[in-house]
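Asker: Note that the working numbering numbers the sequence shown so that position 62 is 64, with each residue one more than the last. First, the structure itself, so that you have it in front of you.
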Amino acid sequence: MIKTDILIIGAGPTGLFAVFEAGLLKLKCHLIDALPQPGGQCSELYPKKPIYDIPAYPEILAGDLTDKLMEQCKQFEPGFTLGERADTIEKQDDGTFIVTTNKGTKHHAPVVAIAGGLGSFEPRKPLIDNLSDYEDKGVEYMIKEPEIYRGKKVVIAGGGDSALDWSIFLSDVAEEVTLIHRRNEFRGHLDSVEKVQELKSAGKINLITPAEVIGIEGDGKVEAVTIKQDAKTYKKECDHFVPLFGLSPKLGPIADWGLEIEKNSIKVNNALDYQTNIPGIYAIGDVNTYPGKLKLILCGFHEATLMCQSAYQIINPGKRYVLKYTTVAGVDGFDGTRKEAPKAVVKAIE
Ligand SMILES: Cc1cc2nc3c(=O)[nH]c(=O)nc-3n(C[C@H](O)[C@H](O)[C@H](O)COP(=O)(O)OP(=O)(O)OC[C@H]3O[C@@H](n4cnc5c(N)ncnc54)[C@H](O)[C@@H]3O)c2cc1C
């Protein structure tokens with residue numbers, strides 16, 4: 003059982019900034035995200051696009067913003083459960099919560115902050131009859147640990163950046179990489195397409211287009227896929243089949259947690275602290291709704307800050323917190339680091 007002060011569901015920009023604000027109040031956070039990496043929409047949907055409305059950054063790439071947020075919250079040593087979806091929540095007699103993921107990981111906290119954005123990103127799956135029989139037995143929809151492919155035969159399907167980038171990366175790790183796409187054209191960065199072309203010419207990637215995987219075979223785990231190319235079908239031996247057809251966000255199981263939902267978003271008390279209709283459960287960032295709501299990163303940052311102040315009262319009942327500027331109080335990391343503005347030098351003037 004993972005224990006923390008604030009359990010944050012969603013490691014997008016809102017969830018990551020909440021870790022920093024909670025840290026200033028000496029509260030520990032643990033984040034759950036269905037994606038294998040933090041950053042939410044910024045890292046999954048548009049890492050290479052510039053954002054122009056982050057205060058004090060005239061321009062910053064979405065991927066760089068994620069890196070900066072990770073750097074800013076690192077000193078507060080957040081825990082991460084990545085690649086798992088928060089599925090169920092149980093309120094305990096003492097008012098605390100246990101949240102369990104689809105992989106059975108349990109988390110216990112007095113406060114839950116849902117920073118789930120548009121919802122958990124679920125993979126788009128190819129239409130193959132027995133696909134689900136091989137999930138986690140050689141079929142993966144996202145690559146969490148590239149090392150599991152070392153020395154293996156991997157078939158990747160897809161025509162976007164993920165399929166291209168992972169084919170390039172795994173060409174140095176796997177024994178054999180085959181990239182299959184149903185068109186001859188790829189929808190990815192030009193340099194990635196060119197790199198795949200180069201690796202194909204060097205014999206490091208098998209490129210099969212236009213083609214698709216229509217079947218999987220194997221005794222308890224993937225041993226081969228069936229490929230359809232033009233009017234022919236044939237088998238290809240492999241250890242892994244990785245369809246990378248993109249991800250679509252779904253509010254998913256959170257919609258059944260007894261929270262007030264309006265237009266696929268969670269209603270919150272925006273006049274106070276972004277708490278939901280269930281005391282102790284907050285909703286911040288893109289996932290919530292209230293009159294005048296704007297789905298912008300900077301609004302998520304503000305909501306995360308107020309949520310932490312309110313959570314402090316639940317976790318430390320009766321204790322008063324006096325807001326201090328970081329420029330005055332400095333920042334004491336849980337990792338033993340301390341950041342502070344240089345002190346004024348007191349020196350007598352003769
Ligand atoms: C193309 C594009 C351009 C944009 N440009 C801008 C811009 O210029 N300026 C701006 O301010 N905003 C912009 N946005 C919007 C901005 O990205 C969002 O406002 C922001 O990402 C919201 O952050 P968040 O942390 O609330 O949610 P998200 O970034 O959506 O992160 C939520 C995370 O929660 C996870 N999650 C959800 N449910 C679960 C669950 N049950 N279990 C586990 N994990 C779960 C998801 O996997 C996801 O990683 C843009 C969006 C897009 C798509």
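Note that beta-carbon positions come from the ideal geometry of N, C-alpha and C, so glycine has one too. Note that this is a predicted model, so its numbers are computed, not measured.
Using the Cβ count rule (16 or more neighbours within 10 Å means buried), how would you classify Phe78?
Answerer: Start at 1 with the first residue of the sequence shown, and residue 78 comes out as number 76. Buried, since its Cβ has 16 or more Cβ neighbours within 10 Å.
Asker: According to DSSP, is Thr68 part of a helix, a strand, or is it coil?
Answerer: One-based indexing of the sequence shown puts residue 68 at position 66. DSSP places Thr68 in helix when its eight states are reduced to three.
Asker: Quick one, which of Tyr314, Tyr323, Glu352 has its alpha-carbon nearest Asp7's?
Answerer: What you label residue 7 is simply residue 5 of the sequence shown in a count that begins at 1. Closest by alpha carbon: Tyr314.
Asker: How do the segment 39 to 47 and the segment 61 to 68 stand: do at least 3 beta-carbon pairs fall below 8 Å, yes or no?
Answerer: Flag = yes, the segment 39 to 47 and the segment 61 to 68 touch.
Asker: Measuring alpha carbon to alpha carbon, tell me which residue in Asp135, Glu200, Val195, Glu149 is nearest Glu177.
Answerer: Residue 177 sits at position 175 when you count from the first residue of the sequence shown. Checking every option, the nearest Cα to that of Glu177 belongs to Glu149.
Asker: Per DSSP, which residues does His109 bridge with? Please list them.
Answerer: Here residue 109 refers to the residue found at position 107 of the sequence shown. Its beta-bridge partners are Ile4, Val101.
Asker: Suppose contacts are defined by Cβ-Cβ distances below 9 Å. Is Val215 in contact with Tyr136 by that definition?
Answerer: The residue labelled residue 215 in the question sits at position 213 within the sequence shown. The residue labelled residue 136 in the question sits at position 134 within the sequence shown. No, the Cβ-Cβ distance between Val215 and Tyr136 is not below 9 Å.
Asker: In the DSSP assignment, the alpha helix (DSSP H) including Ile316 goes from what residue to what residue?
Answerer: Taking the first residue of the sequence shown as position 1, residue 316 is located at position 314. It spans 299 to 317 - the alpha helix (DSSP H) in which Ile316 sits, taken as one unbroken run.
Asker: With DSSP run on the structure shown, which of helix, strand or coil describes Tyr59?
Answerer: Translated into the one-based positions of the sequence shown, residue 59 becomes position 57. Reduced to three states, the DSSP call for Tyr59 is strand.
Asker: Give the secondary structure of Pro148 by DSSP, where H, G and I count as helix, E and B as strand, and everything else as coil.
Answerer: To locate residue 148, count along the sequence shown from 1; it is residue 146. Looking at Pro148 - three-state DSSP - the assignment turns out to be helix.
Asker: Of the choices Gly12, Arg184, Ala24, whose alpha-carbon is the least far from that of Pro41?
Answerer: Mapped onto the sequence shown, residue 41 falls at position 39. Looking at the sequence provided, one finds Gly at residue 41 rather than Pro. Here the closest residue by C-alpha is Gly12.
Asker: Taking contact to mean at least 3 C-beta pairs separated by less than 8 Å, is the segment 258 to 274 in contact with the segment 130 to 145?
Answerer: Output reads no: the segment 130 to 145 does not touch the segment 258 to 274.
Asker: Quickly, what does DSSP pair Ala165 with across the bridge? List them, please.
Answerer: Locating residue 165 in the sequence shown gives position 163, counting from the first residue. BP columns for Ala165 are empty, so no partner.
Asker: Looking only at DSSP bridge pairs, what is Pro251 linked to?
Answerer: As a working mapping, residue 251 is identified with position 249 in the sequence shown. Partner(s): Phe123.
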